[in-house]
Amino acid sequence: MHYPHQQPHANVIPMEHTCISTGRVNVERVSVTSRKSLQEVLSKFDAAVGHPDIQEFWKRMGAAKTKSEMEKVVQSVLGPSGFMEFARFDHGGVVHKGETGDHPKVFRLVIGNPLIMREMVKHVPDAGSYAPVTILIDERPDGVHISYDRMASFLAPYENAEALKVAKDLDAKVEALLGSIT
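Under our numbering, the residues of the sequence shown are numbered 595 to 776, in order.
Dropping the structure here:
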């Protein structure tokens with residue numbers, strides 16, 4: 595069956611023939627605990643990653659006509675770590691909204707490098723579900739915890755050597771970033 599708004603394509607599956615499958619992904623989590631204050635950790639993080647005006651970044655990416663132009667746009671917004679911040683969520687602010695007193699803070703930082711993501715997604719399209727990556731920074735009684743789920747563990751089930759190599763390189767870069775901010 596062909597839907598009028600779609601071009602014929604071998605992978606288009608009519609709704610009556612949709613197949614839903616599930617699988618298990620074992621995720622490796624890297625956690626580092628710092629005795630530094632949350633503010634110190636966040637300051638070091640902020641110094642290591644780029645913080646572009648995200649709307650302007652996407653406009654510039656959209657305007658890039660070639661791979662080379664796109665690479666220049668990305669390179670111009672990366673921090674010393676080779677990453678940029680896409681978003682920051684204050685989970686602690688939501689969890690403790692309306693409560694009085696001092697509460698632990700929890701931040702989810704979404705970071706990445708579109709050029710790295712591009713290389714993974716070329717080989718495994720599902721890698722786009724995992725990139726950019728999340729860094730969780732939260733206060734606990736024993737210190738500030740910085741956590742990251744390894745990209746290689748997400749991509750291992752796809753058994754694609756090229757994507758896995760890129761993922762392992764990404765993991766090493768993220769883990770070096772975590773080490774540098776603690």
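Positions of the beta carbon are idealized from the N, C-alpha and C atoms, including for glycine.
The beta carbon of Gly-676 is closer than 7 Å to those of Asn-707, Lys-767 in its chain, skipping five residues each way along the sequence. Residue environment analysis places Glu-679 among the buried positions, since at least 16 neighbouring C-beta atoms fall within 10 angstroms of its C-beta. For Ala-642, same chain residues with a beta-carbon under 7 Å away, outside a window of 5 residues either side, are Gly-673, Pro-674, Ser-675, Leu-771, Ser-774, Ile-775 in chain order. For Gly-617, no beta strand (DSSP E) run applies, since DSSP gives it neither H nor E. Looking at the DSSP output, Ala-681 shares a beta bridge with Val-704.
Assignment of beta-bridge partners to Tyr-742 by DSSP yields Val-624, Ile-729.
Sequence-distant Cβ neighbours of His-690 in its own chain, meaning closer than 7 Å and more than five residues away, are His-697. Counting along the chain, the unbroken alpha helix (DSSP H) around Glu-769 starts and ends at 755 to 775. Pairing Met-655 with Thr-694, the inter-Cα distance amounts to about 43 Å.
Of the candidates Ala-761, Pro-751, Ala-755, the residue whose Cα lies closest to the Cα of Thr-616 is Pro-751. Look at Gly-676 here: in three-state DSSP terms it is coil, with no helix or strand label.
With 16 or more other Cβ atoms from the protein chains shown falling within 10 Å of its own Cβ, Val-727 counts as buried. Residue state for Arg-734 is assigned as strand, using DSSP reduced to three classes.
Of the other Cβ atoms in all chains shown, fewer than 16 fall within 10 Å of the Cβ of Arg-623; this residue is therefore exposed.
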